[in-house]
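Following: one structure in structure tokens, then a few remarks.
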Amino acid sequence: MSAAAPDPRTRTAGRTAAPSRHPELRVDRIACTGHGMCASLLPRQVRLDEWGYPVVDDARVSAADGEVAIRFCPARALYWA
Amino acid sequence: MTDILELLDAAGLTGRGGAAFSTAVKVRAAREEGAAVIVNACDGEIGAAKDGYVVEHHLAELVHGAELVASSRGRKVRYAAHRGSATASTLRRAGLDVLETPARYVSSEETALISLASGGLARPMTKRKPFVYGGRDSDGRAVRPTVVLNAETVWRVAQVATHGPAWFRSIGTREEPGPRLVTVTGAVQHPGVLDTEAGTPIADLLDAAAADSRAEHLVIGGLGGVLAPVAAARALAWSTAELAQFGGSVGPGIIDVLDPHRCPVAVVDSYLAFAAGESAGQCGPCMFGVPALSAAWADLLDHRPTPARVEIVRARAGLLPNRGACRFPDGVARFTASALQTLRPHLNAHRDGRCPSERTSGVRSRA
Amino acid sequence: MNQLLWYVSRATGLVSLVLLTTVLVLGAVTSGRRAPHGERATVVMGLHRWLSLGMVVFLGVHVGTAVAETYVSIDAISAVIPFTSSYSTLWVGLGTLAVDLIIAVVVTSWLRLRIPERAWRAVHLTSYALWPIALVHGFAMGTASEPLLRAVTVACGLVGIGTLAWRANTRHADAARRSDVLTQEWT
């Protein structure tokens, strides 16, 4: 699911890294092979360049929409950050 | 003996490899995670020489710095250098554990070195979280916690331990403290590495290297940096605060003075042609976008640079930032945008059918 | 009753094969990058997922009725472990093998985000093997007397083979560029 409790491994100098307010949807650019499923599912936030790779105009995607996109990506290239 | 972490906190040393990340934070995390250490002495950027300089002239201090970073737990330290380089030979002769890196532009990138050290190829990896915490490579195989520090940074760590944070802070500016190496190269009589500091007038650096007085442009930070006019640069100090005007930073500390006889548009063309062949071929926007950008710039050079052609270059460059696993495409975009800005008068002259560089050389230069 | 079970078993077997072939084609269209961009790409992917679940339902009925009917002896064990039935050991065994692989593909896909991507990929690739196995099973299991069943089975075979041939021959730009760059020096 989306980032819940902060990962204890991000502790540095006694501080715990605070989780971001709303996780952003990110593309693993190495895994992405340009299927374009994300742009179909999130047309207001993602478009495709001339080679079919996503341009993320707005990474703030709702949890529900993001989960669907993550599941549908054939290359498993989407993740929450 | 005061803990090195306290000394680094007080000194405010930041990475000298280009990203300028807080060394104290990095070393603290490395110790907490028991991370392996890679000292990056590759001089991977175009025109770089300072990593080799540290290895040639300050090897004992460098090794001491590495020991301080790796801590008493005896974490492995490896020294990364390009295969076949003088730096690699020197390190090997000193009996150090050398990570021989292919002489590819992106191979000396932080995650590429970690990938190579983990038994993979020297190509960048997707960084979901810093690799000091460990992670996975592109095939999903686990990568052990590892940090990469630039050779100059590690040398400075030893210096901070020896001379103290007060000494370090007494050099440079408040925001950018400490001594810094700068390589000055290109159309200069005395190319080499200078040990200087933030706040030094760039004019002083150019004069120390005896730069060609007719030079009109220089590249600060190599392919991932910016192309700037000499006249404007001479009025500034060597600091990220001031270089931001060109969209640049002190970065890996390189000033390449361009030969005034050579058309700068052709120089940028050769930089971008090089970039086109150096993509790691892992991310679509880079492996297609960088060659496309290079082709668009070549179009500018070979044909008249009409506003339409310039716009194509701008658009192609605009699609590179933040769309790859590493910052290589971002650097190429930054370099191109600065070139478009700085060379606007020159491109206008091209559009009118003449090249200002021809005046000095008399030869229409494409190479 | 027994005859009803027998008919239902054969009918659901045929439907399962048709669905399997369709799912295979939809998957190949996606991986071979023929899926159109825009809305229809998600339709292809959605159908690929949902039809495979529908196929599992039909398969369940197919196997269940085959075990339940007493005309031929196929016990529950041989519905799970290949090549253990006394009736038509080889052909039934192929069917069992195909079902085992389908279960692996479906389960790993359902759990895809929780397992290593390499594992998912390796299991999913067995689809290219399990389809011909299912096809041979369907062809051999008594369609000789039913021209319609045979015709549909043959049609599935032709569509599937055509798809596999096309898939083996497509080159899309992403894969081509990746493999080109891999031939350069990176170690």
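Chains as they are written, first to last, in our numbering: chain F, 18 to 98; chain P, 2 to 368; chain S, 263 to 449. We put the beta carbon where it would ideally sit given N, CA and C, even for glycine. Being a predicted model, the structure only gives us computed values, none of them experimental.
Identify the residues that DSSP records as bridge partners of P:His83: which are they?
-> Answer is P:Thr102.
What does P:Ala326 reach in chain F if we use C-beta pairs closer than 8 Å?
-> By Cβ distance, chain F contributes Asp45, Arg46, Ile47.
P:Asn323 lies in the beta strand (DSSP E); which residues open and close that run?
-> In the DSSP assignment, P:Asn323 falls outside any beta strand (DSSP E), carrying neither H nor E.
Chain P residues whose Cβ lies nearer than 9 Å to that of S:Leu444 = Those are Leu122, Gly282, listed as they occur along chain P.
Out of P:Ala42, P:Glu34, P:Gly35, P:Ile5, point me to the one whose CA is closest to P:Leu24's CA.
-> It should be pointed out that residue 24 of chain P corresponds to Thr in this sequence rather than to Leu. Residue P:Ile5 is the option with its Cα nearest to P:Thr24.
Within chain F, the residues that P:Arg129 reaches when beta carbons sit closer than 9 Å | Going along chain F in sequence order, the residues near P:Arg129 (Cβ under 9 Å) are Arg43, Asp45, Tyr96, Ala98.
Taking a cut of 7 Å between CB atoms, which residues from the stretch 72-104 of chain P lie near chain S?
-> Those would be Pro103, in chain order.
Please name the residue, chosen from P:Gln283, P:Arg137, P:Ala21, that lies closest to P:Ala326 on a Cα-to-Cα basis.
-> Comparing Cα-Cα distances from P:Ala326 to each of P:Gln283, P:Arg137, P:Ala21, the minimum goes to P:Gln283.
Where do the ends of the alpha helix (DSSP H) carrying S:Trp428 lie?
-> According to the DSSP assignment, S:Trp428 belongs to the alpha helix (DSSP H) that extends over 409-431.
Note down the Cα distance separating S:Thr415 from S:Arg380, rounded to an integer number of angstroms.
-> Across the structure, S:Thr415 and S:Arg380 are spaced so that their CA atoms are roughly 33 Å apart.
Rank P:Arg137, P:Gly120, P:Val133 by C-alpha distance to the C-alpha of P:Met126 and give the top, closest one.
-> P:Met126 has its Cα closest to that of P:Arg137, out of P:Arg137, P:Gly120, P:Val133.
Is there at least one Cβ from chain S nearer than 8 Å to F:Leu58's Cβ?
-> For F:Leu58, at least one C-beta of chain S is nearer than 8 Å to its own C-beta.
Sequence-distant residues of its chain with Cβ nearer than 6 Å to P:His191 (five each side left out) = The residues are Ala210, Ala211.
Report the three-state DSSP secondary structure of P:Ala37 (helix, strand or coil).
-> If DSSP states are grouped into helix, strand and coil, P:Ala37 belongs with the strands.
Can you name the start and end residues of the beta strand (DSSP E) that P:Thr241 belongs to?
-> For P:Thr241, there is no enclosing beta strand (DSSP E); the residue is found in the alpha helix (DSSP H) stretching over 241-244.
Measuring CB to CB, does P:His218 end up less than 8 Å from P:Pro178?
-> Against a cut-off of 8 Å, the Cβ pair of P:Pro178 and P:His218 comes out as no contact.
Report yes or no: is there a C-beta of chain F within less than 8 Å of the C-beta of P:Gly285?
-> So, interface residue.
At what residue ranges does the stretch 279-336 of chain S contain a whole run of the alpha helix (DSSP H), taking only runs of 4 or more?
-> If we require 4 residues or more, the alpha helix (DSSP H) runs fully inside the stretch 279-336 of chain S come out as 301-330.
Cβ neighbour criterion (16 or more within 10 Å) applied to P:Asp44 = When all chains shown are included, P:Asp44 counts as buried.
With 8 Å set as the bound, which would you pick, yes or no: does the beta-carbon of P:Asp138 sit closer than that to a beta-carbon of chain S?
-> Taking CB atoms only, P:Asp138 has no neighbour in chain S less than 8 Å away.
Can you round the beta-carbon distance between S:Trp353 and S:Ala402 to whole angstroms, since I take them to be within the 8 Å contact cut?
-> The C-beta distance from S:Trp353 to S:Ala402 rounds to 4 Å, short enough to fall under 8 Å.
Three-state secondary structure (DSSP) at P:Thr184?
-> DSSP, reduced to helix, strand and coil, places P:Thr184 within a strand of the structure shown.
Spatial neighbours of F:Asp66 in its chain, beta-carbon cut-off 8 Å, leaving aside the 5 residues before and after | Sequence-distant Cβ neighbours of F:Asp66 in its own chain, meaning closer than 8 Å and more than five residues away, are Val72.
Put S:Tyr349 into one of helix, strand or coil per three-state DSSP.
-> S:Tyr349 falls in the coil class under three-state DSSP.
In chain order, what residues of the same chain have a beta carbon less than 7 Å from the beta carbon of S:Ser314, not counting five sequence neighbours either side?
-> The beta carbon of S:Ser314 is closer than 7 Å to those of Val285, Val368 in its chain, skipping five residues each way along the sequence.
Under a CB-based cut-off of 8 Å, is F:Arg61 close to chain S?
-> No - not a single Cβ of chain S is within 8 Å of the one on F:Arg61.
Interface residues of the stretch 318-349 of chain P facing chain F [CB-CB below 7 Å] = Of all residues in the stretch 318-349 of chain P, only Leu320, Arg324, Gly325, Ala326 come within less than 7 Å of chain F when Cβ atoms are compared, listed by chain position.
Assumed close pair F:Ala94, F:Ala56 - CB separation to whole angstroms, cut-off 8 Å | Incorrect: roughly 12 Å between the Cβ atoms, too far for contact.
Does the distance from the C-beta atom of P:Val149 to that of P:Ile255 stay below 8 Å?
-> In this structure, P:Ile255 does not lie closer than 8 Å to P:Val149 by Cβ.
Can you list, in chain order, the residues of its chain whose CB lies under 7 Å from that of P:Arg235, leaving out five sequence neighbours each side?
-> So the qualifying residues of the chain are Ile203, Ala204, Leu207.
Below 8 Å between beta carbons: does that hold for P:Met288 and S:Val277?
-> Their beta carbons are not under 8 Å apart, which means P:Met288 does not touch S:Val277 by this criterion.
Along the chain, where does the beta strand (DSSP E) that runs through F:Trp97 open and close?
-> Segment 95-97, the beta strand (DSSP E) holding F:Trp97.
Look at the alpha carbon of P:Thr91 and the alpha carbon of P:Ile172, and state the distance between them as a whole number of angstroms.
-> Distance from the CA of P:Thr91 to the CA of P:Ile172, rounded to the nearest whole angstrom, comes to 30 Å.
Taking the CB atoms as reference points, tell me whether P:Leu302 and P:Ala267 lie closer together than 8 Å.
-> Contact: yes.
Show which residues of chain C have a CB atom less than 9 Å away from the CB atom of S:Arg374.
-> The structure shown has no chain C; the protein chains it does contain are F, P and S.
What does a CB cutoff of less than 8 Å around P:Pro261 pick up in its chain, not counting 5 residues either side in sequence?
-> Exclusion of the five residues before and after P:Pro261 leaves Ala188, Asp213, Arg215, Ala216, Glu217, Ser358, Thr361 as the residues of its chain whose Cβ lies within less than 8 Å of its Cβ.
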